[in-house]
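J.: Attaching a single structure in C-alpha cells format; questions to follow.
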Amino acid sequence: MERLDKGSLDRGSFKTAAAKTDCPFCREPCHDTDEEGIIKIKKRMEVNDGAAFHMMAFNSLNGTMSLPQDTKKSFELWVRATELGSVDAANSLSLSYMHGRGVDRDFGKAKHYMQVAAMGGHPGARYNLGHFEEESGNMERALKHYMIAARSGLDQAMKKLYQVNPTDELVQTLKAHFDYKKEVNTPQRARAAAAFGT
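Numbering (our numbering), first residue to last: 53 to 250.
As C-alpha cells, then:
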C-alpha cells in the first residue's frame, strides 16, 4: 500500500532545499498549495492511513496548511490514527492528556498512551516514560527507559543518562547510541531533516 509521508505534504519546506523536486520519501511530485496538500492527506485518510490521520491532526492542532486551529479535532484524529497503529499519534495522545490539549488532563491515560507509543518504538515516548518513573521515585526503571531511548538515537536521553548514571553501562549505551546514529544517517534522511528543520 502506498503511504503518505511528511515529505509529500509540505512543498514549502522543500523550496529552499531542493526547488521543484520530488518528495525524498515517496518520489512523487510535491504539492504547490496547502489545498493540494490537504487533498492528498484526505485521500490517504479515506484508505485508513494512520500517518495521514496523524498529519491532519498535527495541522489541525497548529492551524497550519490553511486549517483552523482546533485542539478537539486534533485529539479526535489522533485517537483514530492510534487505532490504525500510528505510534506518533499515540505519543501525541499521551501529550494531549498530559497537557490537557483538546481533552481534560488525565495522567493515567497519558501514561497508557506513552506505553503504547514506547512499545511501538517511539523513542520520545520511551524517554517520557523514564521521566514518569523518575518522578515516581523508580530510578531503576527510569534508567532502563532512558537507555532504550538513547539506544534508539534520542540525544536527550543520552544527556539525561550522563547526568544521572555515569557508569560503564553508560559507555555501552553511548556506543549503541552513536552506532544507531551512524546507521540511519543517509542522504535522504539528511534532506528530510533539513527540509523539516529537525
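Note that CB positions come from ideal geometry on N, CA and C, so glycine has one too.
Bear in mind the structure is a predicted one, so any value in this text is a computation, not a measurement.
1) Is DSSP giving M53 helix, strand or coil here?
2) R153: which of F127, E185 and S138 sits nearest, CA to CA?
3) Taking only the alpha-carbon atoms, compute the straight-line gap between D84 and I90 and give it to the nearest angstrom.
4) Can you tell me which of M166, A109 and A104 puts its alpha carbon nearest to the alpha carbon of Y149?
5) How should K94 be labelled, buried or exposed, when 16 other C-beta atoms within 10 angstroms of its C-beta is the threshold for buried?
6) Taking K124 as the reference, give the member of E135, G137 and F110 with the closest Cα.
7) For the alpha helix (DSSP H) holding G173, just list the boundary residues, first then last.
8) Bridge partners for P239 per DSSP, in chain order?
9) From this set, G137, F184, Y179 and S138, which residue's C-alpha is nearest F159's C-alpha?
10) Please specify which runs of the alpha helix (DSSP H), each continuous and at least 4 residues long, are wholly inside the segment 76-139, giving them in chain order.
11) For Y214, which option in V99, T225 and P120 has the closest C-alpha, if you only look at C-alpha atoms?
12) DSSP three-state call for D158: helix, strand or coil?
13) Report the rounded CA-to-CA distance for V236 versus V216, giving the unit in angstroms.
T.: In short, the structure shows the following:
1) Because the pLDDT of M53 is 36, which lies under 50, any placement of that residue in the model is unreliable, and the question is left without a value.
2) The closest CA to that of R153, considering only F127, E185 and S138, is found on F127.
3) Here the alpha carbon of D84 sits roughly 11 angstroms from the alpha carbon of I90.
4) A check of alpha carbon separations from Y149 across M166, A109 and A104 identifies M166 as the nearest.
5) K94 counts as exposed, since fewer than 16 other beta carbons sit within 10 angstroms of its beta carbon.
6) With distances taken between Cα atoms, K124 lies closest to F110.
7) Note, G173: premise wrong, no alpha helix (DSSP H); not H, not E.
8) Residue pairing from DSSP leaves P239 without any beta-bridge partner.
9) Checking every option, the nearest Cα to that of F159 belongs to F184.
10) The qualifying runs are 86-98, 102-114 and 123-135.
11) Comparing Cα positions, the closest option is T225.
12) Here DSSP, grouped into helix, strand and coil, assigns D158 to coil.
13) Going by the C-alpha atoms only, they are around 27 angstroms apart.
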